[in-house]
Amino acid sequence: MAKTAKIEVKEQGLIATMQGFCKTLLEKGGIDALLVAQHLPMKNVVMPTLVTDPTKLNGVDPLAPVFPINAAKVVSKLTRKPLAGKVAAVLRPCEIRAFIELVKLKQGSTEDVLLVGIDCLGAYSNVHYPRFAGQNGTEATLRFYQNIRAGKGTACQDFDLSPACKACEHPIPENADLLIGLVGVDINDQVLVQANSPAGEALLGAMGLMGTKEPPEGRKKAIATLVAERAAYRDQMYVETSEATADLEKLTAYLANCVNCYNCRVACPVCYCKECVFVTDVFDHEPSQYLRWAKRKGILKMPTDTVFYHITRLAHMSTACIGCGQCSNACPNNIPVMEIFRTIASYTQKAFDYEAGRSLEEEPPLSVFREKEFSELTGGKD
Amino acid sequence: MAEFEPTIIAFVCNWCTYTAADLAGTSRLSYPPNVRLIRMMCTGMVDPKYVIKALLEGADAVLISGCHPGDCHYINGNYKARRRVKLLKEILPRFGFDQSRLKLTWIGASEGVDFAATIRKTVDEVKALGPNQTRGKMVI
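Read top to bottom, the protein sequences are chains A and B. Just so we're aligned, residue 116 is where the first sequence starts under my numbering, counting upward by one. Just so we're aligned, residue 3 is where the second sequence starts under my numbering, counting upward by one.
The following block contains the structure:
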């Protein structure tokens, strides 16, 4: 059973509480470094930082409603080979889920890392966050949570949370050693800390946070309400996206603004190939080839292979898609990439009875096979 | 107007289905000339993007055919192919490609008759289905 403790917030405020937690974690947690999001000192930008000095935690704000990259990518950089040390990573639920996928794809390991997950109430896109936050990042974070607490929602000016976050039915971290709970908790009074693994329990003990309090009453219900809200948004998104891409005519219209920059692939935490086939010389076509293609239909859109790229990426990665929305976040031309990925992923993951990011034990569907399966594909013939 | 003649791209494995095609030829069996055979060493090396590219370029159907389960020259390539076909059949229909435009069959080296029959049947089916939506159209 999970062990639960609480950290008092009271007059010091939510941000200082989280900073205090991170400081204690780094000092007493038996770790060599802490990976956590901070407001950078030179500009109000939130980025993951790897901190070894407890005095260098002044900008820490893992609650800031923005994540310019999915930090699973950097955790993978830290753990793809033995680290010769121990690191704790403070992550969003989708970052943990992406990391789980990367571990299964042999791009990282849970060996040297402790996962600290925080309840996620969503984030703004990289474009919208500066408009929300202005100059003072931590003040903006507090405003974000107080607005939600007061029932004022997350909309701001003419924008709201990114669609990926609104459609995310995983606001509570899964597979975290330590969970920081905010949903259904009075965050002006306390935050919840819950150990979900032996390593997490040891960490709680080392930090002097041993308590056996049950999660606050109402947390379960608050989570259910939040998840239901998000699931409803998601299902509506599936319907709208399916309609908007139902045939080639519509699909090409959907992707028409794509300039083949491949930012969506670069930003995708689970698109892990060192060299994507679309940037190899497989696609360095002979100049005369373009002419032949153009002659065949009388017209050729350049650069070529846009729809081909997106469908191929769907085939390669949709079974591992955890829906973080960084693809849409990275798109310079506002193509709703996340929407199409999640919509297709809902079919491909279901087909293999798989859910990306759910567990380390479930094998990625395209890495395994069974001798007897899918015989309907070959008319029942084995 | 002349009857619609489909183009079918078939990825066939060297050890079983290609050999079966050979056998069909040496046995003087006839089958419609709508199929373009591409010999692969194994169906396990048919990357989903080969199928996607073929359908986007205007092929009316793609056939993948290899050894029966358990007979793969490389032990399990055909099982991997089957998972990839399953995956593609989840994706392509969402974009308006009829799922029957992608076919997977197992045809052993001795089954020349089965090969010719499979091609005949596939061509008939695709004729009934009509041309692929990408035919003659600019795909970005």
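Just so you know, even glycine gets a beta-carbon here, dropped at the ideal spot from N, CA and C. Small disclaimer: the values here were computed from a predicted structure and weren't measured.
C-beta neighbour in chain A for residue i, strict 7 Å
i, result
"B/Arg84", "yes"
"B/Pro8", "no"
"B/Pro50", "yes"
"B/Tyr20", "no"
"B/Leu25", "no"
"B/Pro71", "yes"
"B/Leu31", "no"
"B/Val14", "no"
"B/Val87", "yes"
"B/Val141", "yes"
"B/Glu113", "no"
"B/Leu58", "yes"
Per DSSP, the bridge partner or partners of residue i
i, result
"A/Ala204", "A/Leu150 and A/Leu230"
"A/Leu294", "A/Gly232 and A/Gln309"
"A/Phe247", "For A/Phe247, which the question treats as bridged, DSSP gives no partner whatsoever."
"A/Cys271", "A/Phe274"
"B/Gly149", "The structure shown does not extend to residue 149 of chain B, since chain B is modelled only from 3 to 142, so the question has no answer here."
"A/Met162", "A/Gln153"
"B/Gly68", "B/Trp108"
"B/Ala12", "B/Leu39 and B/Leu65"
"A/Thr493", "The partner list for A/Thr493 (beta bridge, DSSP) is empty, contrary to what the question assumes."
"A/Lys121", "A/Leu307"
"A/Tyr260", "Answer by DSSP bridge pairing: none, since A/Tyr260 is not bridged."
"A/Val218", "DSSP lists no partner for A/Val218."
"B/Tyr20", "The partner list for B/Tyr20 (beta bridge, DSSP) is empty, contrary to what the question assumes."
"A/Tyr239", "A/Val181"
"A/Phe175", "Per the sequence presented here, residue 175 of chain A reads as Val, with Phe not at that position. In DSSP, A/Val175 forms a bridge with A/Gln153."
7 Å Cβ cutoff, residue i in contact with chain B
i, result
"A/Asp497", "yes"
"A/Tyr424", "no"
"A/Phe484", "yes"
"A/Leu429", "yes"
"A/Ile536", "This structure leaves residue 536 of chain A out entirely; chain A is present only between 116 and 497."
"A/Lys410", "no"
"A/Ile122", "no"
"A/Phe489", "yes"
"A/Ala466", "yes"
Within chain B, the residues that residue i reaches when beta carbons sit closer than 7 Å
i, result
"A/Phe456", "Neighbours of A/Phe456 on chain B: none; closest Cβ ~11 Å, over 7 Å."
"A/His357", "According to the sequence shown, residue 357 of chain A is Ser rather than His. Within 7 Å Cβ-Cβ: Arg96."
"A/Lys416", "Met140 and Ile142"
"A/Ala371", "Ile142"
Residue of the options minimising C-alpha distance to residue i
i, options, result
"A/Gly77", "A/Pro180, A/Ala152, A/Met352 and A/Tyr469", "Beyond the ends of chain A as shown, which are 116 and 497, falls residue 77 of chain A; an answer cannot be given."
"A/Lys171", "A/Ala117, A/Pro313, A/Glu142 and A/Ile295", "A/Glu142"
"A/Phe484", "B/Met140, B/Ser67, B/Pro95 and B/Arg86", "B/Arg86"
"A/Glu126", "A/Phe182, A/Val452, A/Asn303 and A/Arg380", "A/Asn303"
"A/Gly494", "B/Asp100, B/Lys105 and B/Pro95", "B/Lys105"
"B/Val141", "B/Glu127, B/Ile54, B/Pro35 and B/Ala23", "B/Ile54"
"B/Asp49", "B/Val37, B/Leu90 and B/Leu39", "B/Leu90"
"B/Val14", "B/Ile121, B/Val128, B/Asp126 and B/Pro133", "B/Ile121"
"A/Asp292", "A/Leu341, A/Gly440, A/Arg212 and A/Asp168", "A/Arg212"
"A/Val161", "A/Phe214, A/Ala248 and A/Lys465", "A/Ala248"
"A/Ile130", "A/His154, A/Ala282, A/Pro169 and A/Thr253", "A/Thr253"
"B/Asp126", "B/Thr21, B/Pro34 and B/Cys74", "B/Pro34"
Contact set between residue i and chain A, taken where Cβ atoms lie within less than 7 Å
i, result
"B/Thr136", "Leu363"
"B/Thr107", "Thr493"
"B/Gly98", "Ala361, Asp362 and Leu363"
"B/Asn78", "Phe484"
beta-carbon residue i near the ligand PLP non-hydrogen atom, thresh 6 Å
i, result
"B/Asp116", "In the structure shown, the ligand PLP is absent, as is every other ligand, since no ligand is present at all."
Interface partners of residue i on chain A, CB under 8 Å
i, result
"B/Lys55", "Phe423"
"B/Tyr81", "Phe484, Arg485 and Glu486"
"B/Leu90", "Ala430"
Beta-carbon neighbours of residue i, restricted to chain A and to distances below 9 Å
i, result
"B/Gly93", "Reading off the sequence, residue 93 of chain B comes out as Ile, not Gly. In chain order: Ile426, Leu429, Ala430, Ser433, Ile459, Tyr462 and Thr463."
"B/Leu65", "Within chain A, no residue comes near B/Leu65; the closest Cβ sits about 12 Å away, beyond 9 Å."
Partners in chain B for residue i, counting only beta-carbon separations shorter than 9 Å
i, result
"A/Pro479", "Going along chain B, no residue has its Cβ under 9 Å from A/Pro479, so there is no contact; the nearest lies around 11 Å."
Proximal chain B residues relative to residue i, where beta-carbon distance stays under 8 Å
i, result
"A/Leu366", "Phe97 and Gly98"
Quiz prompt | Continuous alpha helix (DSSP H) assignments of at least 4 residues falling wholly in the region 317-364 of chain A | solution = 334-359
Exercise for the section: Kindly provide the ranges of any alpha helix (DSSP H) runs that are 4 or more residues long and lie completely inside the region 358-445 of chain A, ordered along the chain. Expected result: 363-369, 378-382, 402-412, 421-432 and 441-445
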